[in-house]
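Worksheet: the structure to be examined is printed underneath.
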Amino acid sequence: MDYEPVIGLEVHAQLLTRSKLFCSCSTTFGEEPNTQTCPVCTGQPGSLPVVNRKAVEFAIKLGLATHCRITPYSLFARKNYFYPDLPKGYQISMYEYPLAVEGFLEIINRGEKKRINIIRIHMEEDAGKLKHGETPETASFSYVDFNRTGVPLVEIVSGPDIRSPQEAGDYLRVLRAVLQYLEISTGNMEEGNFRCDANISIRPKGQKEFGTRTELKNMNSFRHVEKALEYEIKRQIFVREEGEKVIQETRLWDVDQSITVSMRGKEEAHDYRYFPDPDLVPLKIDEKWVEEIRRGLPELPAEKRARFVTQYQIPEYDAEILTSTKAMANYYEECIRLFPEPKTVSNWMMVELLRELKRDEREIDQCPVTPQHLAEMLKMIKEGTISGKIAKDVFEEMYRTGERPVRIVKEKGWIQILDEAEIGRAIQTIIGSHPKEVDDYRQGKERLFGFFVGEVMKETKGKANPKKVNELLKKKLKGDS
Ligand SMILES: [Zn+2]
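According to the numbering used here, the residues represented by the sequence shown are 388 to 868, in order.
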């Protein structure tokens, strides 16, 4: 039987506010454990939470950027459960009345656009962190760090609209780009400030009803999300084909074994005994404030992509890649400012630059080649100082050393030979050492011309200007020598 997966994603993103969601403790990452805490975020009796206005503003920004409706009335609720990293015994979240609802994001896969619905976006506080002892002396202890407790999060819940692991990855990349463009979250999955849980079920193709779903956790990179989903689809198909039933449960992605393993039976919302937090007033969001925030929104990935296509006349696919992160788009536009040939810049970035970055698993802001250096090199090609062929070597050297191209070319002696006398001497050498080929060419075997060009280029170590080589070679081979 042919099955199709039905996937919905729940993403938690940390907001880049300077203080926590309900107190003034700092959110700086990596400080000494338990130095950024106070009675509020550690749940001491008598302490009272106060909402961080900036965090609400950031969440509204995200709601607007994902085409959601901002609800005029939302409510913080207590989600009750026990865990050592949750000192209050409940997490302040939103339940019946989230901040934003009914939005969508568009993903593009090789030109095909698809809309993924966003059911809701709500705000909540982060929990602390457990650190388990690592040395033989500390192995029997676990430590708890409350610095992260109370850091603001947004949870973005997608509709069950995703139909493949690839689409899940695309959706996450688009969502992360939006967060980064808004400058409200770093979106760094490895550091844990962008986390994703996935709900997944399978059903026979053509069937309307959903199958029983499992929830996947513990996926720390985009690749892991895709791999975990691929595994889980196969597992669920296997279970059904064996005549068994998929059980509703939470499963963990085991990175080392590349499998999902059962963690616990899935709890239902009513298990958490949600109720409105009596210490916090409902959030009434003024429409004027929302409009003010809307007017201040920056250019978002989809808008930038459209602008790149019309303004720079580059293909949609190039524009999609070049706007995939804000840093990439800035890099591109900085290059163009210095070397205003958008298509040339795009080609070099799409081919050479991205290949190197991909190989080293680097992001563009860790690229050793600066926009200034790339633009300088493109100028050198244009002015004829180096050939396009040599430029590839120059580029590799720039990437390897971070040096200026001018310096590399000078040091390596890679300046293009334009001097006709010098090229003429190289041609003479080649003609002199291939009398048979010269004869054949003169008898009419014209396709040998390419062979001569290649030999002359070799003789000049790739530095001769190809146009000049062609011109001079034609003259000499015609037999006027
Ligand atoms: Zn605090």
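Think of the CB as a built atom: it goes at the ideal place given N, C-alpha and C, for glycine as much as any other residue. Everything numeric in this text was worked out from a predicted model, so none of it was measured.
Take the alpha-carbon of PHE836 and the one of TYR828: they are about 7 Å apart.
Beyond the five residues adjoining it in sequence on each side, GLY574 comes within less than 6 Å, by CB distance, of ARG563, LEU566, GLN567 and PHE581 in the same chain, given in chain order.
For LEU517, the enclosing beta strand (DSSP E) begins and ends at 516-519.
Under the three-state reduction of DSSP, GLU721 is assigned to helix. Remark: the shortest separation between the CB of VAL437 and any heavy atom of ligand 1 does not fall under 6 Å. Under the 10 Å beta carbon count, ARG507 is surrounded by 16 or more other beta carbons and is classified as buried. For TRP640, the enclosing beta strand (DSSP E) stretches over residues 636-641. Approximately 6 Å separates the beta-carbon atoms of THR404 and THR414; this is inside 8 Å, confirming the contact. Assigned with DSSP and collapsed to three states, TYR786 falls in helix. Taking the Cα positions, CYS410 is about 29 Å away from LYS604. Note on the segment 686-722: whole alpha helix (DSSP H) runs with a minimum of 4 residues are 688-699 and 703-709, in chain order.
In the DSSP assignment, ALA851 is bridged to ILE804. Each of CYS410, CYS412, CYS425, VAL427 and CYS428 has a C-beta closer than 5 Å to some heavy atom of ligand 1; these make up the full list, in chain order. With contacts defined as CB atoms closer than 7 Å, GLY520 and PHE533 fail to qualify as a contacting pair. Taking a cut-off of 8 Å on C-beta distances, the segment 656-666 does not touch the segment 522-540, as fewer than three cross pairs fall below it.
Residue burial annotation: LEU517 is exposed, with fewer than 16 other C-beta atoms found within 10 angstroms of its C-beta. Just measuring C-alpha positions, the residue of GLN431, LYS850, MET650 and GLU748 sitting nearest VAL796 is LYS850. Around the C-beta of MET388, fewer than 16 other C-beta atoms lie within 10 Å, and the residue is accordingly described as exposed.
Checking the DSSP bridge columns, you'll see ALA585 partnered with LEU396 and LEU603. Per DSSP, the continuous alpha helix (DSSP H) segment holding ASP826 begins and ends at 822-829. Taking a C-beta distance under 7 Å as the contact criterion, SER480 and GLU444 do not qualify as a contact pair. Between MET764 and PRO792, the CB-CB gap stays under 7 Å.
DSSP, read as helix, strand or coil, puts ARG590 in strand. DSSP lists GLU636 as the beta-bridge partner residues of GLY652.
For PHE782, the CB contacts under 6 Å within the same chain, skipping 5 residues up- and downstream, are GLU739 in chain order. Within the segment 437-491, the runs of beta strand (DSSP E) that reach at least 3 residues and sit entirely inside it are, in chain order, 463-467 and 477-481. Cβ neighbours of VAL531 within its own chain (closer than 6 Å, five residues either side excluded): PRO471, ASP472, GLY515 and LEU517. In this model, GLU784 and THR731 are separated by some 19 Å (Cα to Cα). The straight-line gap separating the alpha-carbon atoms of PRO436 and LYS407 is approximately 10 Å.
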